[in-house]
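Right, one structure below, let's go through it.
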Amino acid sequence: MPRLILLALLALPLAGCNRPDEGTSISINADSGNVLGAVDGKSGEVKLDVPGFSGKIKLPKIQLDANNFDLNGVHLYPGSTIDNVNVAGGGQQEGGTVEVSFTSPANAAAVQQWFQDRLNKVGFSVQPGGNGLVGTTDEHKPFALDLNQDGQDRSKGKITLGS
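Numbered continuously in the working numbering, the sequence shown closes out at residue 462.
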């Protein structure tokens, strides 16, 4: 889990990339739920609250897309945009979770099939469940994909990694 927090913290400097539309929100939370760092996709405000430093700065908004996300070489469905990334730490026994919310330019069934075909080829074990896919990663950690239709040829999804 510390590796996930470190990776998310490294993503914060990307907030310097200017995008005119609404951007991606990123939140990094500690074991007790306290926010350590966050980027607000609507305003571009970056907040940090770590031992020895606390502050806010405003930077141009960023918009992460399918190419900025990778699960063993599997990106999001082509043309997808990332709406929100939430990294939550857990205790030593619990681990933590990473949630990635996204919007795809295809219906939910097409996105589900696209992920199922690719993830099973790279060591994940996923099958249809709920509104998407459920299973485990190549490291035998919980994996879930929840999809909902958002218009005729558009869907909203959320990937949850970890417990």
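Positions of the beta carbon are idealized from the N, C-alpha and C atoms, including for glycine.
Notebook entry, point to check: Terminal residues of the continuous alpha helix (DSSP H) containing Asp416?
Noted result: Position 117 of the sequence shown holds residue 416. Unbroken alpha helix (DSSP H) run through Asp416: 407 to 420.
Next item on the list: Mind reading off the beta-carbon distance from Gly429 to Asp445? Whole number of angstroms is fine, and I expect it under 8 Å.
Entry: Within the sequence shown, residue 429 is the residue found at index 130, counting from 1. Within the sequence shown, residue 445 is the residue found at index 146, counting from 1. So it is a contact: roughly 6 Å between Cβ atoms.
Margin query: What does the alpha-carbon distance come out to for the pair Glu438 and Tyr376?
Written below: Within the sequence shown, the letter at position 139 stands for residue 438. Within the sequence shown, the letter at position 77 stands for residue 376. Rounded to whole angstroms, Glu438 to Tyr376 spans 22 Å at the Cα level.
Margin query: Which residues does DSSP list as the beta-bridge partners of Asp364?
Written below: Position 65 of the sequence shown holds residue 364. Answer is Thr380, bridged to Asp364.
Next item on the list: Name the two residues that bound the continuous beta strand (DSSP E) containing Glu438.
Entry: The sequence position of residue 438 within the sequence shown is 139, counting from 1. Unbroken run through Glu438: none, as it is neither H nor E.
Check: Cβ of Ser454 within 9 Å of Cβ of Ala407?
Finding: Within the sequence shown, the letter at position 155 stands for residue 454. Within the sequence shown, the letter at position 108 stands for residue 407. Yes; because the gap between Cβ atoms is below 9 Å, this pair is in contact.
Next item on the list: Can you grab the Cα-Cα spacing for the pair Pro359 / Asn447, in whole Å?
Entry: Within the sequence shown, residue 359 is the residue found at index 60, counting from 1. Within the sequence shown, residue 447 is the residue found at index 148, counting from 1. One C-alpha to the other measures close to 30 Å.
Next item on the list: Helix, strand or coil for Pro404, going by three-state DSSP, please let me know.
Entry: The residue you call residue 404 lines up with position 105 of the sequence shown. Note: Pro404 maps to coil in three-state DSSP.
Notebook entry, point to check: For the beta strand (DSSP E) that contains Leu460, what are its first and last residues?
Noted result: Here residue 460 refers to the residue found at position 161 of the sequence shown. It spans 454 to 461 - the beta strand (DSSP E) in which Leu460 sits, taken as one unbroken run.
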